[in-house]
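Novice: Would you mind keeping the following structure in view while I ask a few things?
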Amino acid sequence: MQSLSLYSDVELAFLIQYGLHVYIPRTREKIHSEAERRSLSKEKIDRIIRRVEHMATKPNACPRCKSKKIAPLSVSAGEDATRTGYITIGAIMDLIPKRGGSVTMVQRKECTVCRLYLSPNANRPISAYRALWQRLFMPLMD
Ligand SMILES: [Zn+2]
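For the sequence shown, counting from 1, position 32 maps to 31 in numbering that gives the first Met the number 0; every step adds exactly one.
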């Protein structure tokens, strides 16, 4: 991860609230001690998040934490369907075994602060097959 000094207090609050799971315990400890150094208590973090989540989102910023620390992410069509609940043709095609076991990859983005997954399918109407899909494939994705 980038040096914690490059994170604003708001970014650090969202990182602690939503993004810690991607880091190893030692890095998590560093993040918590940085928050302590800045006097970011649990209450203060909650206040920041409640305030920022409802703010308007600027272009190229994360809709949740408003950070511009957005990174490209390459995922399989199946994983995109699992994360968004929106089943695409690419995801269905990937269920059919192919020679060489290749899967359809799609280019997405992810906020590196709060780990919000950014996909054009994220806000589409939820497919009726969502529950079935998640029951079948979510255990395999973890
Ligand atoms: Zn974010």
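In this text, a Cβ means the ideal position worked out from N, Cα and C, and glycines have one as well.
Keep in mind the model is a prediction, meaning the values are calculated, not measured.
#1: Give the list of continuous alpha helix (DSSP H) stretches no shorter than 4 residues that lie fully inside the stretch 66-112.
#2: Roughly how many angstroms separate the alpha carbons of S143 and E78, rounded to a whole number?
#3: For I44, is the classification buried or exposed, using 16 other Cβ atoms within 10 angstroms of its Cβ as the cut-off for buried?
#4: Taking its Cβ as the centre, do 16 or more other Cβ atoms sit within 10 Å of E42, making it buried, or is it exposed?
#5: For a test of the three-state rule: what should DSSP assign to L5, helix, strand or coil?
#6: Just list the residues that DSSP pairs Y22 with in beta bridges.
#7: What are the boundary residues of the alpha helix (DSSP H) that I15 is part of?
#8: Assuming contact is defined by CB atoms lying nearer than 7 Å, are I47 and V9 in contact in what I supplied?
#9: Which value, in whole angstroms, describes the spacing of the CA atoms of R50 and M92?
#10: Which residues mark the beginning and the end of the alpha helix (DSSP H) in which K41 is found?
#11: For L117, which beta-bridge partners are listed by DSSP?
#12: Helix, strand or coil for R37? Go by DSSP, reduced to three states.
#13: How about G18 and R114: are their beta carbons less than 7 Å apart?
Specialist: Let me lay it out:
#1: List check, alpha helix (DSSP H) in window: 76-83 and 88-92.
#2: One cannot answer for residue 143 here, as it falls past the ends of the chain, which runs 0 to 141.
#3: In the sequence shown, the residue the question calls residue 44 occupies position 45. Buried, by the Cβ-count rule.
#4: By 1-based counting over the sequence shown, the position of residue 42 is 43. In the assembly as shown, E42 is an exposed residue. Its beta-carbon has fewer than 16 other beta-carbons within 10 Å.
#5: Taking the first residue of the sequence shown as 1, we reach residue 5 at position 6. In the structure shown, L5 sits in a helix (DSSP, three-state: H, G or I).
#6: Reading the sequence shown from its first residue, position 23 is the one you call residue 22. Paired residues: none, contrary to the question.
#7: The residue given as residue 15 occupies position 16 in the sequence shown. No alpha helix (DSSP H) contains I15, which DSSP labels as neither H nor E.
#8: By one-based count along the sequence shown, residue 47 stands at place 48. By one-based count along the sequence shown, residue 9 stands at place 10. Yes.
#9: Your numbering for residue 50 matches position 51 in the sequence shown. Your numbering for residue 92 matches position 93 in the sequence shown. Within the model, the alpha-carbon separation for R50 versus M92 is close to 42 Å.
#10: Numbered from its first residue, the sequence shown carries residue 41 at position 42. Where K41 is concerned, the enclosing alpha helix (DSSP H) stretches over K41 to E52.
#11: Along the sequence shown, one-based indexing puts residue 117 at 118. L117 pairs with K108.
#12: The residue you call residue 37 lines up with position 38 of the sequence shown. For R37, the three-state secondary structure derived from DSSP is coil.
#13: Sequence index remark: in the sequence shown, residue 18 carries index 19 (1-based). Sequence index remark: in the sequence shown, residue 114 carries index 115 (1-based). When the beta-carbon positions are compared, G18 and R114 come within less than 7 Å of each other.
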